[in-house]
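K.L.:
In this note's numbering, the protein residues as written are 18 to 223.
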């Protein structure tokens, strides 16, 4: 749904994606350079307030966030839910080494203050250079594995991506210290008090 490659260094805020059953694969598919994973300029976007909705039970709904081919990037305040394969996967040695130096994060690749809600939160593989569970739960800050309690995220015709009143996402956002980003309290792409998707978007298949 959101795909970057070849040195993209953009910024973005308030992103929502929802997959149909039987269509699509990854919520984020993030690459640097497929021929040379260490190529410069390196992909390094900064993103905040994302809601990535998979299709539970669909084999076509793969990974919520796939980071690979040496990408960098800083992701804040994401909700990742309903992905069949996993919420998160990191592939290729250059991606791992770019993210971590010895036992510490470099800051080049981070996922912070985010909520993961998948049967399999991450893909741990034998050739991973560090544990993804450590990456999410210990090395980065503010992440949790819990139900984000969105109002109706899997309704295809009339979805509602807002956090409900009991949701852990209604407050506590960590917004990047950058004038590009709007200072909001909520986690995810939709304000619980102001659904910007209504009135100009549609769930109808085309």
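A virtual CB, placed ideally from N, CA and C, is assigned to each residue, including glycine.
Quick caveat: nothing in here was measured; it's all calculated off a predicted structure.
Quick one: any contact between the stretch 139-155 and the stretch 171-178, if contact means 3 or more CB pairs under 8 angstroms?
P.N.:
Contact between the stretch 139-155 and the stretch 171-178 is absent, because fewer than three Cβ pairs lie under 8 angstroms.
K.L.:
Excluding sequence positions up to five away, which residues of its chain have a Cβ less than 8 angstroms from the Cβ of residue 215?
P.N.:
None.
K.L.:
By DSSP, does residue 142 sit in helix, in strand, or in coil?
P.N.:
Here residue 142 sits in coil by DSSP.
K.L.:
For residue 65, which residues of its own chain have a beta-carbon under 7 angstroms away from its beta-carbon, when the five flanking residues on both sides are left out?
P.N.:
Cβ within range, chain order: 30, 93, 94, 192, 193, 198.
K.L.:
Which residues bound the alpha helix (DSSP H) around residue 113?
P.N.:
110-116 is the span of the alpha helix (DSSP H), which, as asked, contains residue 113.
K.L.:
Does residue 115 pass the burial test, meaning 16 or more other C-beta atoms within 10 Å, or should it be called exposed?
P.N.:
Result: buried.
K.L.:
What separation, rounded to the nearest whole angstrom, lies between the Cα atoms of residue 135 and residue 211?
P.N.:
Residue 135 and residue 211: Cα-Cα distance of roughly 26 angstroms.
K.L.:
To the nearest whole angstrom, what separates the beta carbons of residue 2 and residue 60, a pair I think is in contact under 8 angstroms?
P.N.:
In the structure as shown, the chain begins at 18 and stops at 223. Residue 2 is therefore absent and cannot be evaluated.
K.L.:
May I ask you to verify whether the stretch 78-85 touches the stretch 43-51, counting CB pairs closer than 8 angstroms and requiring at least 3?
P.N.:
Yes, since at least three Cβ pairs between the stretch 78-85 and the stretch 43-51 fall closer than 8 angstroms, the two stretches touch.
K.L.:
Is it right to say residue 63 is buried, meaning 16 or more other beta carbons lie within 10 angstroms of its own, or is it exposed?
P.N.:
Per the 10 Å Cβ criterion, buried.
K.L.:
Within its chain, find whatever has a CB closer than 7 angstroms to the CB of residue 33; leave out the 5 residues flanking it on each side and keep chain order.
P.N.:
The answer, listed in chain order, is 68, 178, 206, 207, 214.
K.L.:
Kindly list the residues whose CB is nearer than 7 angstroms to the CB of residue 156, restricted to its own chain and excluding five residues on each side of it in sequence; keep chain order.
P.N.:
If we look at residue 156 and ignore the five residues flanking it on each side, its Cβ neighbours are 122.
K.L.:
Do residue 158 and residue 129 have their CB atoms nearer than 8 angstroms?
P.N.:
Yes.
K.L.:
Determine the contact status of residue 182 and residue 137, defining contact as a CB-CB distance below 8 angstroms.
P.N.:
Not a contact, by the Cβ cut-off of 8 angstroms.
K.L.:
With residue 88 and residue 112 assumed to form a contact (beta carbons below 8 angstroms), what rounded beta-carbon distance in angstroms separates them?
P.N.:
Residue 88 to residue 112, Cβ: 6 angstroms. Contact.
K.L.:
Based on the DSSP output, what are the partners of residue 5 in its beta bridges?
P.N.:
Because the chain here runs from 18 to 223, residue 5 falls outside it and cannot be looked at.
K.L.:
With a threshold of 16 other CB atoms inside 10 Å of the CB of residue 53, please say whether the residue is buried or exposed.
P.N.:
Burial call: exposed.
K.L.:
Note down the Cα distance separating residue 25 from residue 107, rounded to an integer number of angstroms.
P.N.:
If I take the Cα positions, the gap works out to 18 angstroms.
K.L.:
Which same chain residues end up closer than 6 angstroms to residue 140 when comparing Cβ atoms and leaving out the 5 residues on each side of it in sequence?
P.N.:
For residue 140, where only same-chain residues beyond five positions count, the Cβ hits under 6 angstroms are 103, 106.
K.L.:
Starting from residue 28, follow the beta strand (DSSP E) in both directions and report where the run begins and ends.
P.N.:
That run of the beta strand (DSSP E) goes 28-35.
K.L.:
For chain B, check one thing: does any of its Cβ atoms lie closer than 8 angstroms to the Cβ of residue 175?
P.N.:
No chain B is present in this structure, which holds just one protein chain.
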